Amino acid sequence: AIRAYEALAQYQAHSMDDLLDAHKKMTEEILPDAGYFRRGSVGIHKGDKVVHVAPQADRVQALMADLLRWLEHTEDHPLIRSCIFHYEFEFIHPFSDGNGRIGRLWQTLILGQWREVFYSLPIENTIKDNQQDYYHALAAADNKADSSVFIEFMLMVILASISTTDPVGDPATDPVEKLLSVMSNTYLSSAQIMAKVGLSHKPTFRKNYLLPALEQGLIKMSHADTPSSPKQKYIKVNKG
Numbered sequence: 720a721i722r723a724y725e726a727l728a729q730y731q732a733h734s735m736d737d738l739l740d741a742h743k744k745m746t747e748e749i750l751p752d753a754g755y756f757r758r759g760s761v762g763i764h765k766g767d768k769v770v771h772v773a774p775q776a777d778r779v780q781a782l783m784a785d786l787l788r789w790l791e792h793t794e795d796h797p798l799i800r801s802c803i804f805h806y807e808f809e810f811i812h813p814f815s816d817g818n819g820r821i822g823r824l825w826q827t828l829i830l831g832q833w834r835e836v837f838y839s840l841p842i843e844n845t846i847k848d849n850q851q852d853y854y855h856a857l858a859a860a861d862n863k864a865d866s867s868v869f870i871e872f873m874l875m876v877i878l879a880s881i882s883t884t885d886p887v888g889d890p891a892t893d894p895v896e897k898l899l900s901v902m903s904n905t906y907l908s909s910a911q912i913m914a915k916v917g918l919s920h921k922p923t924f925r926k927n928y929l930l931p932a933l934e935q936g937l938i939k940m941s942h943a944d945t946p947s948s949p950k951q952k953y954i955k956v957n958k959g
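720 is the number of the first residue of the sequence shown in my numbering; add one for each residue after it.
Put into structure tokens, the structure is as follows:
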């Protein structure tokens, strides 16, 4: 799953191939059909109750092609565009599993391609903190056949993510300090550290978090002789 977040900045939001690749990276260790649209019917259950029946599998390819074409050409504001895509994606439910994670990842991608700062916002974490409200908003939009209620909810999630993001320049909430706060005496990969600090955009992580910490000698590499090693990990330096 971490590989999908690492590759996020390389994707184009309107690309079918990129969407399928992200799903493959996200689920290849748990799903036999990772990277492929579902071939069977799916429904979303809440307990014993079916709260949403997704379109038939033979319609998924065409529905996703239409949605991605709309995404590429729409003139809607990126904030609205990202919310609409998120809702429509979840309505189609194109994969056998992993739809929620990919839908949220793709909204971050749409927003990040508009303003890079959105890659750094903890939108995913804010949704997790309000998970029941998230599913309620999806269900309410389904019942009304109108995505407005979900758009309003996601805009509030985005606002909450912005509001809880540490102000730039506050020494107590500096990116390097934030990185150090999630590290200990155990080696971690860059992807593991990104997940802990709530980042999904690797260039932002490297520029603002990782490289400054390395330059200040606050963390060290497991493979110092080969900085670009795919097996590279980092550990906090104990200053005693």
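The beta-carbon is built from N, C-alpha and C at its ideal position, and this holds for glycine as well. All figures in this text were calculated on a predicted structure; none of them were measured in a lab.
Where residue i sits in the DSSP three-state scheme
i	result
K743	helix
K863	helix
G762	strand
K939	strand
P922	helix
K950	coil
D889	Residue placement at D889 is poorly supported in this model, since its pLDDT is 46, which falls under 50; the coordinates still yield a value, given next. It is coil, neither helix nor strand.
H771	strand
K955	strand
L750	coil
L907	strand
D944	coil
E871	helix
E725	helix
M902	coil
T883	helix
F756	coil
Status (buried if at least 16 other CB within 10 Å, exposed otherwise) for residue i
i	result
P894	buried
V772	exposed
H792	exposed
T945	exposed
N751	The question names Asn, but residue 751 in the sequence shown is Pro. P751 comes out exposed.
S760	exposed
N904	exposed
G817	buried
Supposed contact pair residue j and residue i - C-beta distance, whole angstroms, cut 8 Å
i	j	result
V916	K939	Not confirmed; about 18 Å, so no contact.
P813	F756	5 Å
R973	A784	A query on residue 973 cannot be resolved here, the shown segment of the chain reaching from 720 to 959 and no further.
Y853	I912	26 Å between Cβ atoms; not a contact.
Kindly confirm or deny that the segment 913-929 and the segment 724-741 touch, where touching means at least three C-beta pairs closer than 8 Å.
Touching, yes, given that three or more Cβ pairs across the two stretches are closer than 8 Å.
With three or more C-beta pairs closer than 8 Å as the rule, is the segment 812-831 touching the segment 897-905?
With a cut-off of 8 Å, the segment 812-831 and the segment 897-905 do not count as touching, because too few Cβ pairs lie within range.
Taking contact to mean at least 3 C-beta pairs separated by less than 8 Å, is the segment 859-873 in contact with the segment 794-809?
As far as the Cβ criterion goes, the segment 859-873 touches the segment 794-809, which means the pair count is three or higher.
Starting from the N-terminal side, write out each stretch of the beta strand (DSSP E) that is 3 residues or longer and does not extend beyond the segment 814-854.
DSSP runs (the beta strand (DSSP E)) wholly in the segment 814-854: none.
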